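Numbering-wise, the sequence shown is residues 3 to 168 according to the numbering used here. No residue lacks a Cβ here, since even glycine has one placed at the ideal position from N, Cα and C. Keep in mind the model is a prediction, meaning the values are calculated, not measured. Down below is the structure, laid out as structure tokens.
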Amino acid sequence: MAKANNETQALDYSMEMIGGKWKPIILYHVNKGTNRFNKLFSEIESINRQMLSKQLKSLERSGILDRTLYGEIPPRVEYTLTPLGKSLLPVVQAITDWGQKQIVETVVISEVVEVEKIPEIKEKPEIKEVPKAPEILEVKKDVEIKKEAEVEEAPKVPQNQQLPLF
């Protein structure tokens, strides 16, 4: 078993505090001034209420967020960053800056690749008219004639004559 060094322990601790998909996003929005549950829920795409509640409680237990409950009807709850939470803002900002840089580079790279894939057209392509095939018309006529020949009329029975019973 490999020995865990101090750097690995520090990274493990940091990831436990703010790791995952939602915690950095929540910190970003709380820092912007969005500090009520419903407002956070409406601003963070793709998160459900249960997950938001769970992540807020985790950040509160970690000492990163303060939760203030006001004794009003209906009850009002606000979240604010603690000094520990404010100390994480440079980390969240660095992650945001890195992501924005990667998005820009990815867009530029994909645009260059798409431009290279398109062949350069030097001349207008000549459009040729496709001749109609007369044999197709003849085949249709033959089929129609065969269908007409296949249809046989029922034998005519004189009105006075009775048909045999089975």
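Integer-rounded CB distance, given that residue j should sit under 8 Å from residue i
i	j	result
Leu83	Leu58	Leu83 to Leu58, Cβ: 12 Å. No contact.
Leu54	Leu42	6 Å
Tyr30	Val94	6 Å
Own chain partners of residue i with C-beta closer than 7 Å, once the 5 adjacent residues on each side are dropped
i	result
Ile86	Residue 86 is actually Leu in this sequence, not Ile. Answer for Leu86: Gly65, Ile66, listed in chain order.
Ile27	Ile46
Leu61	Lys25, Ile28, Leu67
Ser44	none
Boundaries (first-last residue) of the beta strand (DSSP E) holding residue i
i	result
Glu80	78-83
Leu90	From DSSP, Leu90 is part of no beta strand (DSSP E); its letter is neither H nor E.
Thr70	67-72
Residue i - containing alpha helix (DSSP H), residue span
i	result
Thr10	8-20
Leu169	With the chain covering 3 to 168 only, the question about residue 169 has no answer from this structure.
Sequence-distant residues of its chain with Cβ nearer than 6 Å to residue i (five each side left out)
i	result
Arg78	Tyr72
Gly22	none
Cβ neighbour criterion (16 or more within 10 Å) applied to residue i
i	result
Tyr81	buried
Ile20	buried
Met3	With a pLDDT of 43 at Met3, under the threshold of 50, the modelled position of that residue is not reliable, and no figure is offered here.
Leu13	exposed
Val32	buried
Asn37	buried
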